[in-house]
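Asks: A single structure is presented below for examination.
Protein chains in written order, with my numbering: chain A, 137 to 521; chain B, 137 to 521.
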């Protein structure tokens, strides 16, 4: 096998564009100097556009989970009741964090692989009238589901005063997000997915309504105190030492996204999803989710006549290509193909061509080339075809 | 289009492996220090293995053409007669260099796209009994032909005392070369092809027989004086300032080749050639060369029902993928797919999948996916299938 090649097609971390790697390799600078302030001043408006908010998007040197925890400890008081919409492993994580802080936590559970429905929420809102926050996952990485955040938020807003808190780690930057327009209160993302960076930065958008709650919330927090982050960010600085290399990379990645055009970035992700789904359909290999629930950033596949783990081993051993397996209840049952961030139609075609070989080697009955053909046809139709 | 992606599939320069890029980014060191000597001591035996020689392989900070010129000015005296076997643009370059030095130059021309035949050489050797050197091209980059260097050399050795001088720029490192066993006298290669580096280094292997000629050759040369290079290299140093970054990269690239195993490297190139050729055959798009003449490092395609230049434009514009066009008499008639050096079966499949789309857009009548399927089948058969 060709040494030194890695084909990374897991749902994060995603591959790093060369110019982002080069940006991250810059020499260190003082994080209290003008250069750092200039960089933050450049980053701030670009992040706000991606989150669809006029408010500041805080940048924490931490992984996405710290962003989720920051949402909990800032926006939920110790005595609050909350509702968590769980449709996979990352919904569960939100619930785990809430329970760790002894917050009274209700769960609205959706079958893994399905999106949460507005009707489920309606029932839960009626059942728990005192909830102060609703947590949901935008893209559920563990199943490849994109939850209808806009519709869910509209329903919650129409029935309740609860804050709406969204985990957008594995899709924001790859799918459209309109925090202000949709009435989302806290939206969390991370650097290692559609933002085309290594892990290590969490991004947290906060609505005016949420700031009011945060300002009076007695829940203790220090590093994760979003007010400190906001107050510093408004002066183009940070409360604690920032991971500067990741910020250099973030600045470049945001430039790349604006150069491509945010609309084009979202269209590309949509196209990649359609190409991937068409390919597996043509191959006769079942998808975990229905089209309406599918995320543009990751596709979960549930093979019927071969073992997902055998396929993953062939990919790794013969092509140095990584796709993800299933988590928890889906362990050994699915594999997940990431197509977020630095991923082109050419990359998707490569992944399908290689996966076809691995399916054949894993004992799946397919016609070689038919998945690629379907993906090629989808490309030729275009995203609106 | 995804910004910052470049899919480089021309027959050189070829893509650079990440660890080679990292190696080249090392800080500068003094080129007269022990570290440089240690590096050269590490490089020397590895280069000799690739050239298949017990003699030193000189390393010049220069592009491949300087390596060809070094062969001429070192091994050919001003009054000598030489024979150049021309089967494409790079054969012509050897002739141009000889003529520039007013050397009496005979040509044995082969149709572009065909390999030189032993019988052609036999005739030329009889026609020009006084020749002191025969020049030939191992892989003719302009046509994707691999000339039968071993057989041609055997014929020349059996009929003549002429030195045998080989341009191996676009294949050595990707195809087996046994300089000593095959009786080759001077073999030239360059860094930017199968060696997985940027251009800037020329490698020149020299036989014992050639050294004897070189030592008494009155042709003036200074920078290209191979004796100076050899005498210094034997002491692990260089006569003039070496391109150190490229040497750092060379050291790492040679490590990668040894880690993969030279036999495996050659088998991989053979497989890539078979995959590419099977794909175009299945698509019904004519190849320029017959199987027996084909090079494992580059495949030339001569489309019948669409314009090669239209295809190249689609590839560049929609996929940031570069394949080469035709040169001189083949301009606008062919395109050339490079698959040398840092190129895996997964990369080849990607190239074919993307080229299929471009063929369709260029108006070629093909069945989408059928080229990929043929390449996948070739992969599953393996190189000896």
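Where a beta carbon is used, it is the ideal one built from N, C-alpha and C, also for glycine.
(1) With three or more C-beta pairs closer than 8 Å as the rule, is the segment 378-395 of chain A touching the segment 155-165 of chain A?
(2) Look at residue 226 (chain A) and residue 321 (chain A) and say whether their C-beta atoms are less than 9 Å apart.
(3) Give the secondary structure of residue 252 (chain B) by DSSP, where H, G and I count as helix, E and B as strand, and everything else as coil.
(4) Could you compute how far the alpha carbon of residue 193 (chain A) sits from the alpha carbon of residue 426 (chain A)?
(5) Could you confirm whether any beta carbon from chain A is found closer than 9 Å to the beta carbon of residue 513 (chain B)?
(6) Express the C-alpha separation of residue 430 (chain A) and residue 277 (chain A) in angstroms, rounding to a whole number.
(7) Just the Cα atoms here: how many angstroms apart are residue 174 (chain A) and residue 371 (chain A)?
(8) Is the segment 506-513 of chain A touching the segment 484-494 of chain A in the sense that three or more CB pairs, one from each, lie closer than 8 Å?
(9) Hey, is residue 356 (chain A)'s beta-carbon within less than 9 Å of any beta-carbon in chain B?
(10) Are residue 408 (chain A) and residue 333 (chain A) close, meaning C-beta to C-beta below 9 Å?
(11) If you draw a straight line from the C-alpha of residue 138 (chain A) to the C-alpha of residue 481 (chain B), how long is it?
(12) Is residue 510 (chain B) close to chain A? Criterion is C-beta to C-beta, closer than 9 Å.
(13) Starting from the C-beta of residue 379 (chain B), find all residues in its chain whose C-beta is less than 6 Å away, skip the five residues before and the five after it, and write them out in chain order.
(14) Please report the straight-line C-alpha distance between residue 498 (chain B) and residue 469 (chain B), rounded to a whole angstrom.
(15) Report the residues of the segment 448-469 of chain A with a CB closer than 9 Å to any CB of chain B, ordered along the chain.
(16) Looking at the C-beta of residue 312 (chain A), does it have a partner C-beta in chain B at a distance below 9 Å?
(17) Is any beta-carbon of chain A found at less than 9 Å from that of residue 335 (chain B)?
(18) So, with DSSP's three-state summary, where would you put residue 238 (chain B)?
(19) Could you tell me which whole alpha helix (DSSP H) segments of length 4 or greater appear in the segment 348-430 of chain B?
(20) So, helix, strand or coil for residue 226 (chain A), using DSSP?
(21) What are the start and end residues of each continuous alpha helix (DSSP H) run of 4 or more residues lying completely inside the segment 432-464 of chain B, in chain order?
(22) Would you say residue 478 (chain B) lies against chain A (beta-carbon separation less than 9 Å)?
(23) So for residue 204 (chain B), helix, strand or coil by DSSP?
(24) CB-CB under 8 Å to residue 190 (chain B), same chain, minus the five flanking residues each way: which ones, in chain order?
(25) Give a yes or no on whether 9 Å exceeds the smallest Cβ distance from residue 486 (chain B) to chain A.
(26) Considering only their Cβ atoms, is the gap separating residue 306 (chain A) from residue 264 (chain A) smaller than 9 Å?
(27) With 9 Å as the C-beta to C-beta threshold (strictly closer), list the residues of the segment 137-148 of chain A near chain B in chain order.
(28) In the segment 463-494 of chain A, which residue ranges form an unbroken alpha helix (DSSP H) of at least 4 residues, counting only runs that do not cross its ends?
(29) Taking 9 Å as the threshold (C-beta atoms), are residue 494 (chain A) and residue 450 (chain A) in contact?
(30) For residue 347 (chain A), tell me which candidate among A:359, A:367, A:415 and A:329 has the shortest Cα-Cα distance.
(31) Closest to residue 327 (chain B) by CA distance: which of B:517, B:142, B:148 and B:140 is it?
(32) Give me the Cα-Cα distance between residue 255 (chain B) and residue 448 (chain A), rounded to the nearest whole angstrom.
(33) Looking at residue 412 (chain B) and residue 301 (chain B), is the spacing between their C-beta atoms short of 9 Å?
(34) Beta carbon of residue 478 (chain A), beta carbon of residue 140 (chain B): below 9 Å?
(35) Residues of chain A with CB under 8 Å from residue 473 (chain B), in chain order?
(36) For residue 329 (chain A) and residue 145 (chain A), I'd like the C-alpha separation in whole angstroms.
Replies: In this structure, then:
(1) yes
(2) no
(3) coil
(4) 33 Å
(5) yes
(6) 11 Å
(7) 10 Å
(8) yes
(9) no
(10) no
(11) 9 Å
(12) yes
(13) 197 and 336
(14) 14 Å
(15) 454, 455, 456 and 457
(16) no
(17) no
(18) coil
(19) 362-369, 380-396 and 398-419
(20) helix
(21) 444-455
(22) yes
(23) helix
(24) 184 and 316
(25) yes
(26) no
(27) 137, 138, 139, 140, 141, 142 and 143
(28) none
(29) yes
(30) A:367
(31) B:148
(32) 52 Å
(33) no
(34) yes
(35) Here the premise fails: no neighbours, minimum Cβ distance about 14 Å.
(36) 11 Å
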